Amino acid sequence: MRHFLPNGEELIIREARLKDAAGMLANYQRMTAETDFLLLNHAEALDLDAESEEAFIKSHLDKSRQLLLVAEVNGRIIGAVNVDNTGHDKRTHVCEMGIGVAKEYQRMGIGRRLMTAMLRWIEEHDDLWLVYLQVAAANEKAIQLYRNFGFQECGRLPDAIELKPGHFSDIVTMYKKV
27 MRHFLPNGEE LIIREARLKD AAGMLANYQR MTAETDFLLL NHAEALDLDA ESEEAFIKSH
87 LDKSRQLLLV AEVNGRIIGA VNVDNTGHDK RTHVCEMGIG VAKEYQRMGI GRRLMTAMLR
147 WIEEHDDLWL VYLQVAAANE KAIQLYRNFG FQECGRLPDA IELKPGHFSD IVTMYKKV
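FYI, the numbering for the sequence shown is 27 to 204, going by my numbering.
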């Protein structure tokens, strides 16, 4: 899918490919330096390598009930959204999603476009109809984005993520029936 950003740059949203591993890794490592809201801190992200990123991509390519989309600007990956389903019989209808966009490209509608593409994909899979996510309670902009897409809060785990040494935030679980 091709879109144009407010700054005139072309945005491409597409399924990830194995050759995206280095770009996805660089983007994730960059994002961990920019925000405390991701599950890994920057030092942990720097321990990741291209092989682990390739395995992550491959795990999504090999399964029909998994999705990994990238957002690309000028040949550079600047965001992604993923959907994971455990495949367990009792939970085949449930999937978890995660999303991230590089700071310099936030507030340009990229997260909204990734969310739209992801939800359309889920709608095309009749057996997937419950999607959930977890987000730091302090990440108010992300929570508002999710609410705008109809996600509802269904629980909190107090002080579950350490944003900075000694500073904790609740983890909020949100869901949407598609």
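Every residue gets a Cβ at the ideal spot worked out from N, C-alpha and C, and that includes glycine.
All values reported here derive from a predicted model rather than from experimental measurement.
Check: Gly124 C-beta below 6 Å from any heavy atom of the ligand ZN: Questions concerning the ligand ZN fall outside what the structure shown contains, since it holds no ligand whatsoever.
Keeping to the same chain, check which residues put their C-beta closer than 8 Å to that of Ile104; ignore five residues upstream and five downstream. In the sequence shown, counting from the first residue as 1, residue 104 sits at position 78. Cβ contact annotation for Ile104 (same chain, cutoff 8 Å, sequence separation greater than five): Asn53, Ala97, Glu98, Val127, Ala128, Glu130, Tyr131, Ile136, in chain order.
Taking three-plus beta-carbon pairs below 8 Å as touching, is the region 100-120 in contact with the region 41-59? yes
Between Leu145, Val120, Phe63, which lies nearest to Ile187 when the distance is taken from Cα to Cα? Working through the sequence shown from its first residue, we reach residue 187 at position 161. The candidate whose alpha carbon is nearest that of Ile187 is Phe63.
On the CB-based measure, 16 or more other CB atoms within 10 Å of its CB, does Met27 come out buried or exposed? Here the question's residue 27 lines up with position 1 in the sequence shown. Exposed, by the Cβ-count rule.
Anyone know if the C-beta pair for Leu156 and Lys203 falls short of 7 Å? The count along the sequence shown starts at 1 and reaches residue 156 at position 130. The count along the sequence shown starts at 1 and reaches residue 203 at position 177. Yes, they are a contact pair.
Identify which residue in Gly176, Leu65, Glu122 has its Cα closest to the Cα of Arg91. Here residue 91 refers to the residue found at position 65 of the sequence shown. Checking every option, the nearest Cα to that of Arg91 belongs to Glu122.
Can you tell me whether DSSP reads Gly105 as helix, strand or coil? Stepping through the sequence shown from its first residue, residue 105 is reached at position 79. Strand.
Selected residue, minimal CA-CA separation from Leu37, among Asn67, Leu66, Arg138, Val120: Taking the sequence shown and counting its residues from 1, one reaches residue 37 at position 11. For the residues Asn67, Leu66, Arg138, Val120, the minimum Cα distance to Leu37 belongs to Arg138.
Could you check whether Val120 and Ala163 sit closer than 7 Å to each other, using their CB atoms as the reference points? Here residue 163 refers to the residue found at position 137 when the sequence shown is read from its first residue. Here residue 120 refers to the residue found at position 94 when the sequence shown is read from its first residue. Their beta carbons are not under 7 Å apart, which means Ala163 does not touch Val120 by this criterion.
I'd like the span of the alpha helix (DSSP H) that includes Glu77, first residue to last. Position 51 of the sequence shown, counting from 1, holds the residue named residue 77. Here the alpha helix (DSSP H) through Glu77 covers 76-87.
Whole-number beta carbon distance between Thr58 and Ala71, since they are thought to touch under 8 Å: Locating residue 71 in the sequence shown gives position 45, counting from the first residue. Locating residue 58 in the sequence shown gives position 32, counting from the first residue. That pair is a contact at about 4 Å.
Start and end residues, alpha helix (DSSP H) containing Thr142: Residue numbering aside, residue 142 sits at position 116 when the sequence shown is read from its first letter. Judged by DSSP secondary structure, Thr142 falls within the alpha helix (DSSP H) whose first and last residues are 136-149.
Inter-residue spacing [alpha-carbon to alpha-carbon] between Glu77 and Leu140: By one-based count along the sequence shown, residue 77 stands at place 51. By one-based count along the sequence shown, residue 140 stands at place 114. Roughly 25 Å between the two C-alpha positions.
Nearest-angstrom beta carbon gap, Lys84 and Leu31 [assumed within contact, 8 Å]: Reading the sequence shown from its first residue, position 5 is the one you call residue 31. Reading the sequence shown from its first residue, position 58 is the one you call residue 84. With 8 Å as the limit, Leu31 and Lys84 do not qualify as a contact, their Cβ atoms being about 30 Å apart.
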